[in-house]
Structure formats: C-alpha cells, structure tokens
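Counting in my numbering, the sequence shown runs from 110 upward without gaps. Ideal placement from N, C-alpha and C gives every residue a C-beta, glycine not left out. Below is one structure, written out as structure tokens; the observations come after it.
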Amino acid sequence: MLVLICMHIVIDMTDAMDTTDATDAMPEDTVLIIEPDFSGHRWRYAEWAAHAYVEAGYRCVIVTSPANAGHPLVEAIRAGARPQLEIALVAPPARTSRRGLSSISYVRFHQDFRHAFRVVSRDRSVALVVVPYVDYFFLALPFLGSPFGSTPWVGITMRSNFHHCEVGVKAPRRPLVNALKARLFVRAIRTAGLRTLLTIDPTLTEWWTAIARGHAGRAPRGAAIDYLADPFPDACAAEPALAKARLGLGEGRHVLVYGAITARKGVFELACALAARPGDAHAPTLVIAGAQDEDVRGPLREAVAKLVPAPVVMDRFISGETELDLFSACDAVWLGYKGHYGMSGVLVQAYRFGKPVIATADGLIGWFCRTGELGPVIDDLSAAAINGALDRVLAGPREPLPEGRHLLERNTLGQFKQTLRQTLKQVIA
C-alpha cells in the first residue's frame, strides 16, 4: 500500500513543489510555528516553541486551523496582545473533492502546510519555520520537496517507529514496510531547507548513529538529527490532601487516566479489571481526565457505570491548575496503552511528580519503563495482569529514584527550549 502511495505522489510532484520566497524588504526575524491540530500535547509544543524563540529575540506567529479559534491558547495569545507573539488562523485550501492525490493524507497535509506558509508569509519575512509534528507529511518529502520553498525549517518527529525492532523496542515486526520507510526517511533528511530534525525518541538518534558507522563513521548527508526530550514544565506538587479537596476526590487510593481519551488508552480494559474486584475494600478510585472522543464517550459511560468506588470523570479540556492537582492527588498513573508505540507526555508528567506508573511493555513507554523502577510493566491487558500490577503499585511507598539517574531527568521545559534555540545555529550557519 505504501509503495502505491509513493507512486501516486511522484505523479503530482511537479504541481506540489513550492516556489514562494519571502520578500527581502523586511527583516528576517519572524518564526512561523505551524500546527493545525491542537489536540493532546500538540498545542503545548506550539506554545513552548514560541516561547523559546521569543526569548531568543524573534517574533513568532503560531499558525493553526480556524477550528481552534476557541482554544484556550488562542484566546490567551489574543488577550495578551503581545507584538512578539501572534496567532494566525488559516483554513486549508479549498478542495472540490477527496478524490485523487488529496485523498492521500501525506499529500493533503503537505498541501495544507504549503498553503498556510504562503498565506502567512505574504506580509512578513520568515527566518525559520517550525513544524511541531512533522509526521503529517515527512515521508512525502522525497517526492514533494519542502512545503516552505527555500525558507529554512525545523521539524519534530513523534511517530517515526520503523527502526524500533532494530534497537530493542517492542513493536510489530513489519520488515517490508519498515525497510521502505527507512529508505524514505534517509531521503527525506536530504530535503532542501530542512536544517534539523528533532525527535522525542532517543532510540532514533541511536539508530542514526549506527547508520553513520555503516558509512565510514559519517551519517548520510542531510539535516542534523537531534534528541528533543519531551518536556513537562517545572512544577512543585501540591499537598495531596489539598489537591484532593479541590478536585472533590474522596478518601482512598486513586488511579489516573489522563489526556485525550480514546480506546487506545486501554481505559476499557482498565475498567473491566476494576469491575472484577467486587467487594474489594481497597479498590482504587478510577479518575479519567481529558476530552473524550465521540465514539468513546457513550461506551465508556456504560463501562464505568457500575464501578465501586464510583469513578471521577472529567470529560473536558484540563487546565494547568487542574492538571497539577490531578498529578498531586492521584497515587498511580495508567499507561497501559494499546497500539501506541511512541513517546508519552503523561509518562514524563508522572515522573516529574514522583508517581508510579502501570505501563505497557510496548513501544517507547515500555522501553523507558523496562527496568521496573518507574512501576510495573505488563505484557498484556488481561484483568489478572492489570489487577496484579495495581496490587503491587498501591501496596505501599516505593523507593525514590536517585536524583539524575533516569533518562527522563532531561525532560524539562528548560532543556526543551534550549534544544530548540540551538537549531538557530543551523539557520545562521
């Protein structure tokens, strides 16, 4: 299927190339950060990237979809009215139908980003474009080229997992697909204008280093590939009792499921396991916090309706203050995701607050948690495996990790901003 997609992309390659250049009349001091989707942690990446470059003396424009007009980040930027930080709402280009090449998501997103860049760069000179989630179109770059013309740009990849089986990460074995994606990746790195590819997956830089050893110690030509530690802002945990009171939580232990709530969170399996503990006086309270997908909301309501203790469900956008209270009040964090092989910002948050996790063995979550120091790791989502892990994690306090010992110690907002600002050296050079 991927080969067919590549063939279709080649057909439209000429039409998709961008020749737009910024004007020379204005100082090149604007950074565009283009992110059409503000779900999950993506809006935060856009916000944090903007702060990093504003602090470096650049003006920033966050470009997103009009569908996000009511998002708190958009409202906050508009209310702040700071000349150094603007928001631009750009609708995707008009399409007469979903047939043809636009039906391929890689091509469609490439067109959307090219259109957004052209619209916003008309009245400003752009020094750098930042794409917080480059996986939208990255594998199409060998065929379509840069959507930003000759303007330098930086991308952050969060879903490059073709290399996982080669570096010890538990993931599905798809040798043909992974080999093709690896070839496309190496070609995409050579795209004109791409200065740095940042990855929140430390194993990707490990894989790239191995590729370099196969090329007489030098990586294939192209952009630099650097590790960008998935951040969580520096914050002090609140007093648990006070946090529980503010959230309206009762006594006893609480297990938190946090973030955009989809079936891939493993929340149905967790609810099933908790339902299998009838009459358990020490059963934890399930806390589900985050906006739920439409296709999850009804079934999840039914799945948790008979749980004892009754669950606490917050089906909405979670503010920073509520987030702090949630991670302060709850005793364990659920990371028993399924079909998720990338990094998890929730894992970083749990680590920052010193909360044990119940983690899947799959993907980067399993890779970061593989030693068991962060909490029990489960190989399957059976009720027996989940309840066994719950019993272990809620049995009592665990030994704290020695300071600075775990790789997640680098996952701070300060480190994130510093890494982003270092990309400016590639632009200046």
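Check, Outcome
"Straight-line gap, V199 to I265 (C-alpha atoms, nearest Å)", "21 Å"
"C-alpha distance - E403 paired with H449, whole-angstrom precision", "20 Å"
"Three-way DSSP call (helix, strand, coil) for D138 in this model", "coil"
"Simplified DSSP state of E164, which is helix, strand or coil", "helix"
"The region 147-160 / the region 243-257 touching (three or more Cβ pairs under 8 Å)", "no"
"Proximity winner among A419, E518, P349, K447, relative to A441 (alpha-carbon distances)", "P349"
"Length of the line joining the Cα atoms of L473 and L356", "31 Å"
"Per-residue burial, T132 [other beta carbons within 10 Å of its own, 16 or more giving buried]", "Residue confidence is low: T132 scores 32 on pLDDT, short of 50, so the model does not pin down where it sits. No coordinate-derived value is stated."
"Simplified DSSP state of G484, which is helix, strand or coil", "coil"
"Residue environment, E563, which counts as buried when at least 16 other CB atoms sit within 10 Å", "What the structure shows of the chain is the stretch from 110 to 538, and residue 563 is not part of that stretch, so it cannot be assessed."
"For H363: DSSP bridge partner residues", "T394"
"CB of G399 within 8 Å of CB of A369, strictly", "yes"
"Spatial distance of R187 from A280 (CA atoms)", "42 Å"
"CB contact flag (Y215, A190, <8 Å)", "no"
"Range of the contiguous alpha helix (DSSP H) that encloses I495", "492-502"
"Environment of V417 [buried if 16+ CB atoms lie within 10 Å]", "exposed"
"Under 8 Å between C-beta atoms of Y460 and L522", "no"
"Proximity winner among V183, Y167, Q531, relative to D193 (alpha-carbon distances)", "A small fix is needed here, since residue 193 is Gln in this sequence, not Asp. For the residues V183, Y167, Q531, the minimum Cα distance to Q193 belongs to Y167."
"Proximal residues to P261 (C-beta, below 7 Å), its chain only, five neighbours per side dropped", "L237, G302, R304, V536"
"Inter-residue spacing [alpha-carbon to alpha-carbon] between S230 and H180", "23 Å"
"Cβ contact (3+ pairs, closer than 8 Å) linking the region 313-321 and the region 267-286", "yes"
"8 Å Cβ cutoff met for P485 and A498", "yes"
"Sheet register partners of A441 (DSSP bridge)", "V364"
"Endpoints, beta strand (DSSP E) assigned at R304", "303-308"
"Counterpart residues of I265 in DSSP-defined beta bridges", "L307"
"Beta-bridge pairing of Q401 - partner residues as DSSP gives them", "I370"
"Between the CA atoms of T394 and R362 - distance to the nearest angstrom", "6 Å"
"Three CB pairs or more closer than 8 Å across the region 375-394 and the region 523-533", "no"
"The beta strand (DSSP E) enclosing E195, as first and last residue numbers", "194-198"
"Extent of the continuous beta strand (DSSP E) run through I467", "466-469"
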